[in-house]
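Beneath this line is the structure, given in structure tokens, with notes to follow.
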Amino acid sequence: MSARRAARRLLVVSELPPPYGGLSVHTERLCATARRRGWRVAVASPPAGAPPPGAHFRRLRLLGAQLGYLGRVAFTRADVVHDHISTYSIGAPGRAALVLQVALLLALRARRTPWILSCGNGLLPGLLARTSPRLRRLYRWLYAPVRAAIAKNAPIEGAFAELGLGARSRVVGTFLEPVAPPSGGELAGPVEAFLAAHPRCVVSAGFRFEPLYHLEAVVRGVAEARAATPPDAPAIGLVVLGSHDEDAAGKAAYDAALAETGIAEHVLLLRDVGDALDVIARARLFVRATDFDGDANTVKEAMMVGVRVLATDLPNRPPGLDLFPRGELDGLGARIAALLGAPDAALLARNRAFVREDIARNEAAIFGLYEEALR
Numbered sequence: 001m002s003a004r005r006a007a008r009r010l011l012v013v014s015e016l017p018p019p020y021g022g023l024s025v026h027t028e029r030l031c032a033t034a035r036r037r038g039w040r041v042a043v044a045s046p047p048a049g050a051p052p053p054g055a056h057f058r059r060l061r062l063l064g065a066q067l068g069y070l071g072r073v074a075f076t077r078a079d080v081v082h083d084h085i086s087t088y089s090i091g092a093p094g095r096a097a098l099v100l101q102v103a104l105l106l107a108l109r110a111r112r113t114p115w116i117l118s119c120g121n122g123l124l125p126g127l128l129a130r131t132s133p134r135l136r137r138l139y140r141w142l143y144a145p146v147r148a149a150i151a152k153n154a155p156i157e158g159a160f161a162e163l164g165l166g167a168r169s170r171v172v173g174t175f176l177e178p179v180a181p182p183s184g185g186e187l188a189g190p191v192e193a194f195l196a197a198h199p200r201c202v203v204s205a206g207f208r209f210e211p212l213y214h215l216e217a218v219v220r221g222v223a224e225a226r227a228a229t230p231p232d233a234p235a236i237g238l239v240v241l242g243s244h245d246e247d248a249a250g251k252a253a254y255d256a257a258l259a260e261t262g263i264a265e266h267v268l269l270l271r272d273v274g275d276a277l278d279v280i281a282r283a284r285l286f287v288r289a290t291d292f293d294g295d296a297n298t299v300k301e302a303m304m305v306g307v308r309v310l311a312t313d314l315p316n317r318p319p320g321l322d323l324f325p326r327g328e329l330d331g332l333g334a335r336i337a338a339l340l341g342a343p344d345a346a347l348l349a350r351n352r353a354f355v356r357e358d359i360a361r362n363e364a365a366i367f368g369l370y371e372e373a374l375r
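If you read the sequence shown in the working numbering, its first letter stands for residue 1, the second for the next number, and so on.
In structure tokens, the structure reads:
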């Protein structure tokens, strides 16, 4: 092994703007996979939090943390930089977040290190369309040095073309081996009790309760499935994997659906849980009613642990799912009820095999790009 290969260094950059900060599940898995493959990994992730008005000391601390983030981006030694666009990176909300992102991209331009860009945000095409022509021109200039761009699906690849990256972009799935695979052990007491009381459990997920996930429609669908179930049949429940940081309109719609249907006692809201895969593995059905998606980690996680998936018919869906037209939510209850019978063992086995192959394929493609960048 050459000295250069032995000293391979990867800098993973997260672009989650304030108030989110930190690493996404995508970047966490990328770091873990790179370390397993012998890379020396450094991480630069922006600080989380947005101080309330008047909290001047906290604002100064946040500014210091942001400057530290930019310093790590600019000066950390690396042979390859992998910059991961996440939610709201393009057209970041608020002047402060936009200034931070532009400063980040200027730091990446100045490095002259091979720069790999990836995006798993299914909202990117719409966010880019809403940016001004002047800002789009700025992004094209900022991203000009990018060596290769990884798009999770064709719509994202089209957005990359709008950024001047068409010839350098390719569609590559980015679903990688989970950092914490399902343990098969017992869950926390209240979760175990809920699952025991609801043998036919549905799981859904929605970052920040944003309206695009239609969690309120999933609640209504589960209520309809319960209403159509004979009294002596195993009970149907719903587990919602949500987030501490909430979109006010989306959470209000979700709460209204709970009140309207009267099934609050049959719905369990779990926020940021470390054992989400164990929760999904105990479900009978995973529902993804979203309007947009990238590679949809939770969909492939459900497939990986042998749970049937009902999802909107977005163009990037893997085989083996039960699909329904995006936005057609009125018949969701009947669709859910129809899929809560005995599991289709052959289908679920094929889904597991597909995800294992998908992980291997994605890993080979991503790290193949790194090797190309080193040549």
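Where is the CB? At the ideal position from N, CA and C, for every residue including glycine.
Computed from a predicted structure; not experimentally measured.
The Cβ atoms of V219 and T174 do not sit closer than 8 Å to each other. Judged by DSSP in its simplified three-state form, A205 adopts strand. Checking the DSSP bridge columns, you'll see S169 partnered with A149. Ranked by how close their Cα comes to the Cα of F292, the residues L195, H214 and A78 have H214 in first place.
Residues G206, F207, R208, F209, R271 and D272 of the same chain have their beta carbon placed closer than 8 Å to that of S243, with the five preceding and five following residues left out of the count. Boundaries of the alpha helix (DSSP H) around W141: P133 to L142. Sequence-distant partners of A78 (beyond 5 residues in either direction) whose C-beta falls short of 7 Å from its own C-beta, in its chain, are R9, L10, L11, A42 and T113. C-alpha of L105 to C-alpha of V305: approximately 38 Å in a straight line. In this structure, the straight-line span from the alpha carbon of P234 to that of L100 is close to 52 Å. Beta-bridge partners of R200 (DSSP): I236. For A110, the closest of P343, A97, A144 and P231 by C-alpha to C-alpha distance is A144. When only Cα atoms are considered, H82 and A338 end up about 43 Å apart. Going by beta carbons, L108 and W115 fall inside the 8 Å limit. In the three-state scheme derived from DSSP, where H, G and I count as helix and E and B as strand, A110 is classed as helix.
Bounds of the beta strand (DSSP E) holding R288 are L285 to R288. Secondary structure of A188 (DSSP, three-state): coil. CA-CA distance, V279 to R37, rounds to 29 Å. Here the alpha carbons of A74 and G189 stand approximately 46 Å from one another.
Linking V355 to E363 through their CA atoms gives a straight-line distance of about 12 Å. Nearest to L258 by alpha-carbon distance, out of G221, V179, A296 and V172, is G221.
Around the CB of L23, 16 or more other CB atoms lie within 10 Å, so the residue is classed as buried.
Per DSSP, R317 lies in no beta strand (DSSP E) segment and is marked neither H nor E. Scanning G368, A302 and A129 for the CA closest to the CA of G158 turns up A129. V41: member of the beta strand (DSSP E) spanning R40 to A44, first to last residue. Per DSSP, the unbroken beta strand (DSSP E) holding I85 starts and ends at V80 to I85. Boundaries of the beta strand (DSSP E) harbouring T312: R308 to T312, taken from the DSSP string. By the beta-carbon neighbour count (other beta carbons within 10 angstroms, threshold 16), V267 is buried.
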